[in-house]
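**Student:** One point on numbering: in the UniProt record's numbering, the residue at position 88 of the sequence shown is 88, and numbering is uninterrupted.
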Amino acid sequence: MQLSDQEILSAIQLGDERMFEAVFRQHYNPLCQYGYSFLKDWDDTEEVVQAVFMVIWEKRDALEINTSLKSYLYRAVHNRCLNRIKHLAVQAEHRNQVEADVTHSYEAPAQVLMANELSERLHDAIQLLPEQCRLIFMMSRFEELKYQEIADRLGLSIKTVENQIGKALRILRTELAEYLPVIMLLGIRMYE
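(1) Taking E175 as the reference, which of L3, R153 and A125 has the closest Cα?
(2) Mapping DSSP to helix, strand and coil, what is K59?
(3) Nearest-angstrom Cα distance between S68 and A76?
(4) How long is the line joining the alpha carbons of R189 and R121, rounded to whole angstroms?
(5) Compare the C-alpha of S119 against each of C133, L135, R60 and A92 and name the closest.
(6) Contact between the stretch 125-139 and the stretch 166-175: three or more CB pairs below 8 Å?
(7) Does DSSP put L129 in a helix, a strand or coil?
(8) Assign L9 to one of three DSSP states: helix, strand, or coil.
(9) For Y191, which residues from the same chain have a beta carbon less than 6 Å from its beta carbon, with the 5 sequence-adjacent residues on both sides left out?
(10) Find the nearest neighbour of Y74 within the set H87, Y36 and R95, judged by alpha-carbon distance.
(11) Let me know the secondary structure DSSP gives K86 once reduced to three states.
(12) Over what stretch of residues does the alpha helix (DSSP H) that includes L154 continue unbroken?
(13) Have a look at E7 and K146 and give me their C-alpha separation to the nearest angstrom.
(14) Tell me whether the beta-carbon of H87 lies closer than 7 Å to the beta-carbon of M54.
(15) Less than 7 Å between the beta carbons of I136 and Q164, yes or no?
(16) Determine the direct distance from the alpha carbon of E46 to that of Y34, and round the result to whole angstroms.
(17) Would you say L9 and I65 are within 7 Å of each other, going by their C-beta atoms?
(18) Which of helix, strand or coil does DSSP assign to F20?
(19) Rounded to a whole number of angstroms, what is the C-alpha to C-alpha distance between S71 and E178?
Below, the structure is given as C-alpha cells:
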C-alpha cells in the first residue's frame, strides 16, 4: 500500500526513524544529482543534501509542508545550493581582496609571505568548521550581517547564532594558535 505524503510526514513528525530512512533512501541519490547540477562538486552536494535531511529530522515537530514531499525536498536542496554558491562567491571575493591587499602593500617580502600563508591557513581553518558553524561565521564576518539578521535568515534563535560564533572563534583560535604572532604583526584582529 502506497502512503500519502501527509501520512509519511505525520510518521516522521512522530519520530518514525524507519519512515525517515525510507524517505532518505528514496530521495537521496536523485537530490544529489539535482544539487550537483548547481554545485559541480560531489562533496559540497552531498553535504547540502545531508543538511536538508538533518534539518527535516531535527525540526520534524514544527515541519509544515504545503506541497508534495518531493517538491519540498527539491526546493530545499535548490535553496541550499544557491546559498552555498553565494557563500563560495563571498569566500572567493574575500580571498581575492586579501590577495590584492597583500600584493599592493609596501610590506617587506617576508611579511607578504607570512600574510599569504596566514590567509591560506585561515581559509583551511574555516573549512574545518562544521557546516552550520561555518555558514554563520561567514555571514557574520564576511557578509557583515548582525546576529539577528543571521538568525532571521536561517530560522534560528539569536542564542544559537551567538553560540555558533563562539564555537567558530574557539576552533579558529586553536587552529591558528601558531600564527598568533603573525596576526599581531600584521594587525589582523578577530572580534568576539
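Using N, Cα and C, we set each Cβ at its ideal position, and we do this for glycine too. Keep in mind the model is a prediction, meaning the values are calculated, not measured.
**Tutor:** In short:
(1) One-based indexing of the sequence shown puts residue 175 at position 175. Closest by alpha carbon: A125.
(2) Within the sequence shown, residue 59 is the residue found at index 59, counting from 1. Three-state DSSP puts K59 in coil, outside helix and strand.
(3) Position 68 of the sequence shown, counted from the start, is the residue given in the question as residue 68. Position 76 of the sequence shown, counted from the start, is the residue given in the question as residue 76. Between S68 and A76, the C-alpha separation is close to 12 Å.
(4) In the sequence shown, counting from the first residue as 1, residue 189 sits at position 189. In the sequence shown, counting from the first residue as 1, residue 121 sits at position 121. Low local confidence applies: a pLDDT of 39 at R189 is under 50, so the model's placement there is unreliable, and no value is given.
(5) As a position in the sequence shown, residue 119 is number 119, starting the count at 1. Comparing Cα positions, the closest option is A92.
(6) yes
(7) Numbered from its first residue, the sequence shown carries residue 129 at position 129. L129 falls in the coil class under three-state DSSP.
(8) Numbered from its first residue, the sequence shown carries residue 9 at position 9. Note: L9 maps to helix in three-state DSSP.
(9) Residue numbering aside, residue 191 sits at position 191 when the sequence shown is read from its first letter. Because Y191 sits at a pLDDT of 37, beneath the cut-off of 50, its placement in the model cannot be relied upon, and the following sentence gives the value as read from the coordinates. Nothing listed; no residue qualifies.
(10) Walking along the sequence shown from the start, residue 74 turns up at place 74. Checking every option, the nearest Cα to that of Y74 belongs to Y36.
(11) Locating residue 86 in the sequence shown gives position 86, where the first residue counts as 1. Note: K86 maps to helix in three-state DSSP.
(12) Your numbering for residue 154 matches position 154 in the sequence shown. Where L154 is concerned, the enclosing alpha helix (DSSP H) stretches over Y147 to L154.
(13) Start at 1 with the first residue of the sequence shown, and residue 7 comes out as number 7. Start at 1 with the first residue of the sequence shown, and residue 146 comes out as number 146. Near 39 Å, if we compare the C-alpha coordinates of K146 and E7.
(14) Residue numbering aside, residue 87 sits at position 87 when the sequence shown is read from its first letter. Residue numbering aside, residue 54 sits at position 54 when the sequence shown is read from its first letter. The answer is no: Cβ separation not under 7 Å.
(15) As a working note, residue 136 is residue 136 in the sequence shown. As a working note, residue 164 is residue 164 in the sequence shown. Cβ distance < 7 Å, so I136 and Q164 count as in contact.
(16) To locate residue 34, count along the sequence shown from 1; it is residue 34. To locate residue 46, count along the sequence shown from 1; it is residue 46. Straight-line Cα distance between these residues: approximately 11 Å.
(17) By 1-based counting over the sequence shown, the position of residue 9 is 9. By 1-based counting over the sequence shown, the position of residue 65 is 65. Yes, the Cβ-Cβ distance between L9 and I65 is below 7 Å.
(18) Locating residue 20 in the sequence shown gives position 20, where the first residue counts as 1. Correct three-state label for F20: helix.
(19) Here residue 71 refers to the residue found at position 71 when the sequence shown is read from its first residue. Here residue 178 refers to the residue found at position 178 when the sequence shown is read from its first residue. Between S71 and E178, the C-alpha separation is close to 48 Å.
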